[in-house]
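> A single structure is presented below for examination.
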Amino acid sequence: MHSGITVVLKAEHLGSVLGFPVTNSLIMAWVVMALLITAAFFFGRSLTLVPGKIQAGVEWAFEGAIAYMADVLESEKLARRFFPLVASIFIFIALINELEFFPGVGSLGLVHASTFLPILRTPTTDLNFTLALAMISFFTIEITGIATLGFFKHAGKYVNLKSPLGFAVGLIELMSNLGRLISFSFRLFGNIFAGEVMVLVAGYFLPYFLPAPLMGFEMFIGLVQALVFAMLTLFFIKLAIMEPHEAH
Amino acid sequence: MQQLFSAFGVSWNLLIAQAVNFTIVLVALWYFLYKPVGAMLAKRQELIAKGVRDAEQAAATFARADSEAADRVKAADTEAEQIMTAARDSAGAEKARLLKEADERAAAIARDAETRAAETHARAQRESERDIARLAVLAAEKVLQERP
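This is the structure in structure tokens:
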């Protein structure tokens, strides 16, 4: 059927619904969403005043995350406002990454025109997903900046006509902020995709033995990358709500 | 740029679809997870705060009851002492009065006895004088009768 290593950079189209393309990463995203929302629904309904072990753990994480965010943002109110976004980014990406090597992901598929099309593909190995999250993060950061400082003050960080140096700094700031779209999306995509390829390659070097520890390592990387994405969103929000430095 | 996007399979439809997916996750987690957990934490915090408040209040009430009891015991002690003193005082006064009365009565009896004795004496004297006078008269009569 197929031999050698095939690395497909983009998510495969499996078909289309009402003219809308459906890729395997989209299907996997829906599966993860269904798992996550179902779990959240039943967990949220089972909350009790005297917590069990799972509830105590979730509450500990909840309170710890909000306390940490309040520390970073220097405001309990802002922490509570941005907690849902940051936490959802972490939870969604983490769960997707942890299911990367779940049996069936990437291995169950259809053969179409003598090419193998997996039904499920980890969404974080599809640039559409990581770029979409990067854009959500990016717009949240910029809109927060505008909402907190006002449009002109926020724009003044990028377009500074007070001095040539200030202008150059503003331009660099603008480029680096736009660059976040790329760094956010490619960091996550690159890490997870590379991990998948590495496990694939390792299977040829030392089949059965090498991939398993590497999968464990990649699951750890997946957790770290989810944390990195969420934390960077948090830190950039903090940068966006800070007053621009006055010219000395 | 177009080449890059096509190499990675990036398309607007898929970008929007994934953004919508994340938004659904965000809203669902918000509604099913963050809100109930936050509410539960707030509820428990309120409950614990109330418990601590109640305990403080109970301790304060207990302390107040304690000091009140001590005060009452002290007051009762003072009152008892007062009653004892008063009783002792009034007993002393009664004793003194009784003694005085007894003294007076004894004095009265003595006086009475004295008066009566003096009266008896005086009467005896008067009677004996009368007797003497009568005897004198009788003696004089006798003398006169013998000398005719």
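Just so you know, the sequences run in chain order S and U. Under this note's numbering, think of the first position of the first sequence as 1, with each following residue one higher. Under this note's numbering, think of the first position of the second sequence as 1, with each following residue one higher. The C-beta atom is built at its ideal place from N, Cα and C for all residues, glycine as well.
Please work out which residues of its chain come closer than 7 Å, Cβ to Cβ, to I221/S, disregarding the five sequence neighbours upstream and downstream, and give them in chain order.
Hits under 7 Å: N191 and G195.
> What residues in the region 78-89 of chain S bring their beta carbon closer than 9 Å to a beta carbon of chain U?
Cβ contacts with chain U come from R80, F83, P84, L85, A87, S88 and I89.
> Distance check for E141/U and R134/U, CA to CA, integer angstroms please.
Roughly 10 Å between the two C-alpha positions.
> Give me the residue from T140/S, L99/S, G104/S and P84/S with the minimum Cα distance to T124/S.
Closest by alpha carbon: L99/S.
> Using CA atoms only, rank isn't needed, just tell me which of F8/U, V143/U, L41/U and A122/U is closest to G64/S.
The candidate whose alpha carbon is nearest that of G64/S is L41/U.
> With 16 as the cutoff for other CB atoms within 10 Å, does M1/S come out buried or exposed?
Note that M1/S has pLDDT 44, beneath the 50 cutoff, so the model's placement of it is unreliable and the number below is only indicative. It is exposed - the Cβ of M1/S has fewer than 16 other Cβ atoms within 10 Å.
> Please return the same chain residues whose Cβ sits closer than 7 Å to the Cβ of I132/U, not counting the five positions on each side in sequence.
Taken in chain order, the list of residues that qualify is empty.
> Closer than 8 Å is the cut-off here; do at least three beta carbon pairs connect the region 125-141 of chain S with the region 57-71 of chain U?
Because the criterion of three Cβ pairs below 8 Å is not met, the region 125-141 of chain S and the region 57-71 of chain U do not touch.
> At which residues does the alpha helix (DSSP H) containing G145/S begin and terminate?
Looking at the DSSP string, the run of the alpha helix (DSSP H) that includes G145/S is L127 to L149.
> Just grab the DSSP bridge partners of G179/S for me.
Answer by DSSP bridge pairing: none, since G179/S is not bridged.
> For the region 29-41 of chain U, enumerate the residues whose C-beta is nearer than 9 Å to any C-beta of chain S, in chain order.
Taking 9 Å as the Cβ-Cβ cut-off against chain S, the residues of the region 29-41 of chain U that qualify are L29, W30, Y31, F32, L33, Y34, K35, P36, V37, G38, A39, M40 and L41.
> How about I143/S: is its C-beta nearer than 8 Å to some C-beta of chain U?
For I143/S, the answer is no, since every Cβ of chain U falls outside 8 Å of its Cβ.
> Would you list, in chain order, the members of the region 55-74 of chain S that have their beta-carbon closer than 9 Å to a beta-carbon of chain U?
So the list reads Q55, V58, E59, F62, E63 and I66, given in the order they occur along the chain.
> Applying the criterion that 16 or more other CB atoms from any shown protein chain within 10 Å of the CB defines a buried residue, is H154/S buried or exposed?
Under this definition H154/S is a buried residue.
> Rounded to the nearest angstrom, how far is the Cβ of P84/S from that of L29/U, given a contact under 8 Å?
Yes, P84/S and L29/U are in contact; Cβ-Cβ is about 7 Å, under 8 Å.
> Within the 8 Å Cβ cut-off, does K43/U reach chain S?
K43/U counts as touching chain S.
> Taking C-alpha atoms, which residue in T85/U, Y34/U and A136/U lies nearest to V58/S?
Closest by alpha carbon: Y34/U.
> When the Cα atoms are used, what is the spatial distance from F101/S to S107/S?
Cα to Cα, F101/S sits roughly 10 Å from S107/S.
> Hey, is the region 175-194 of chain S in contact with the region 130-144 of chain S, meaning 3+ C-beta pairs nearer than 8 Å?
Yes, they touch.
> Straight-line CA distance for A113/S to L35/S?
Looking at the two C-alpha atoms, the distance is approximately 32 Å.
> Give the single residue among Y31/U, V143/U, I16/U and Q82/U whose Cα lies nearest to the Cα of A40/S.
The residue with the shortest Cα to Cα distance from A40/S is Y31/U.
> When you compare each of I93/S, A67/S, A94/S and F92/S to R81/S by their alpha carbons, which one comes out closest?
Nearest of I93/S, A67/S, A94/S and F92/S to R81/S, Cα basis: A67/S.
> Could you spell out the range, first to last residue, of the beta strand (DSSP E) harbouring V50/S?
Premise fails: V50/S is in no beta strand (DSSP E) and is neither H nor E.
> According to DSSP, is S16/S part of a helix, a strand, or is it coil?
Three-state result, S16/S: strand.
> Cα-Cα, which of S176/S, I91/S and L161/S is closest to L26/U?
The option with the nearest alpha carbon to L26/U is I91/S.
> Can you give the Cα-Cα distance for L178/S and A240/S, rounded to whole angstroms?
Rounded to the nearest angstrom, the two C-alpha atoms are 13 Å apart.
> Do you know how far the Cα of K50/U is from the Cα of S11/U?
Rounded to the nearest angstrom, the two C-alpha atoms are 56 Å apart.
> By the three-class DSSP mapping on this structure, what secondary structure does T122/S have?
Coil at T122/S, not helix or strand.
> Just curious, the alpha helix (DSSP H) that V37/U is in, first and last residue?
Run containing V37/U: K35 to E146, per the alpha helix (DSSP H) assignment.
> Identify, in the order they occur along the chain, each residue of the same chain with its Cβ nearer than 7 Å to the Cβ of H248/S, setting aside the five sequence neighbours on each side.
Model confidence at H248/S stands at a pLDDT of 44, short of 50, so the residue's coordinates are unreliable; what they give is reported in the following sentence. Excluding positions up to five away in sequence, the list is empty.
> Less than 8 Å separating the beta-carbons of M28/S and L149/S?
No, these two residues do not count as a Cβ contact at 8 Å.
> At the 8 Å Cβ level, is Q2/U part of the contact set with chain S, yes or no?
Closer than 8 Å: no.
> Is it right to say T6/S is buried, meaning 16 or more other beta carbons lie within 10 angstroms of its own, or is it exposed?
Exposed, because fewer than 16 other Cβ atoms sit within 10 Å of the Cβ of T6/S.
> Counting C-beta neighbours from all protein chains within 10 Å, is the total for P118/S 16 or more, i.e. buried, or is it exposed?
Classification of P118/S: buried, given that the 10 Å Cβ count is 16 or more.
> Can you find a C-beta in chain U that's less than 8 Å from the C-beta of L127/S?
Answer yes: the Cβ-Cβ gap between L127/S and chain U drops below 8 Å somewhere.
> Does the beta carbon of T233/S come closer than 8 Å to any beta carbon on chain U?
Output row for T233/S: interface = no.
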